[in-house]
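In the numbering used here, the protein residues as written are 1 to 265.
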Ligand SMILES: [Fe+2]
Ligand SMILES: [Fe+2]
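Now the structure itself:
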């Protein structure tokens, strides 16, 4: 072996050692890098999980708020009705009838649901009417009738300031449930489709239920008498489309009435 060969060998050896060191270093670096990535992945996962949890909390909270709103609205409606010695089931039935009418009229599902929740508020304005008038047996005189009729305007005034869609719907219902399709209702005397569909629906739902129940001033009408009156008032008091829906789906309306009967006290 010559000196130059020997030198070459030494250099090769050195190169080998150096390259092993470099590979070692590189692989260590890689491992470190992986660990860092893993850690950051874990941190990201944790942050994501926490975010999901918070999102769920917000969802639960908003569901809770909506449920509370619905309950408050329903209870307010029941208070309005209880002033005039109605049963709690009256507003429940009106709610279900309103849903059926809205559905067959073709309103979107969310709106049907909202009207169902808003319609129990129709008589909320009665909280402001004196008991002596509300619960008077027999007919009202002219003066008393005028006072009773203010309940539509009062209910509207109570609710109209709200930005909540449900309360807005309730304000329309309170305001327009005594309007008549051909005019001559109160408080505005609007006609036809100028009366909001919520008002036209609640009018029919409310009257259907009121006629079929005993009240302080009258006993319940039988179905035959109610149906005859609806046919006569088709296009007069009531929206003709809604009267048609009522007769087309009569079995469903009667089923609601049957399932929500008043409890005999
Ligand atoms: Fe009313
Ligand atoms: Fe009512």
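Backbone N, C-alpha and C fix where the C-beta goes; we use that ideal spot for every residue, glycine too. If you're wondering where the values come from, they're calculated on a predicted model, not measured in any experiment.
Distances from the CB of residue 237 to the heavy atoms of ligand 2 are all 8 Å or more. Within 8 Å of the C-beta of residue 177 there is at least one heavy atom belonging to ligand 1. With respect to residue 257, residue 243 sits apart: the two C-beta atoms are not nearer than 9 Å. Inter-segment contact for the stretch 170-178 and the stretch 193-201 is present: three or more beta-carbon pairs are separated by less than 8 Å. Taking a cut-off of 8 Å on C-beta distances, the stretch 71-81 touches the stretch 117-135, as three or more cross pairs fall below it. Assigned with DSSP and collapsed to three states, residue 180 falls in coil, not helix or strand.
Rounded to whole angstroms, the separation of the alpha carbons of residue 163 and residue 262 is 34 Å. Sixteen is the threshold: since fewer than 16 other Cβ atoms of the shown chains lie within 10 Å of the Cβ of residue 220, the residue is exposed.
Distance between residue 150 and residue 130, taken at the CA atoms: about 12 Å.
Rounded to the nearest angstrom, the Cβ distance from residue 250 to residue 226 is 11 Å, too far for a contact under 8 Å.
Residue 210 has its CB nearer than 8 Å to a heavy atom of ligand 2. For residue 137, the closest C-alpha among the options 106, 215, 26 is that of 215. When the beta-carbon positions are compared, residue 93 and residue 205 come within less than 9 Å of each other. Cβ neighbours of residue 170 within its own chain (closer than 7 Å, five residues either side excluded): 73, 118, 121, 159. Annotation: residue 232 to residue 101 spans about 19 Å, alpha carbon to alpha carbon. DSSP lists no bridge partner for residue 253.
Counted as a single uninterrupted DSSP element, the stretch harbouring residue 186 is not any alpha helix (DSSP H), since DSSP gives it neither H nor E. Just so you know, the alpha carbons of residue 55 and residue 61 end up roughly 10 Å apart. Remark: the C-beta of residue 90 is outside contact range of ligand 1, defined as less than 8 Å to any heavy atom. Per DSSP, the continuous alpha helix (DSSP H) segment holding residue 159 begins and ends at 142-159. The beta carbon of residue 260 sits closer than 8 Å to those of 89, 92, 93, 96, all from its chain and outside the five residues before and after it, given in chain order. For residue 213, the Cβ stays outside the 8 Å cut-off from all heavy atoms of ligand 1.
Rounded to whole angstroms, residue 78 and residue 63 show a C-alpha spacing of 22 Å. In the DSSP assignment, residue 226 falls within the unbroken alpha helix (DSSP H) covering 223-233. Relative to ligand 1, the beta carbon of residue 262 is positioned no closer than 8 Å to any heavy atom.
Counting along the chain, residue 201 sits inside the alpha helix (DSSP H) bounded by residues 197-211.
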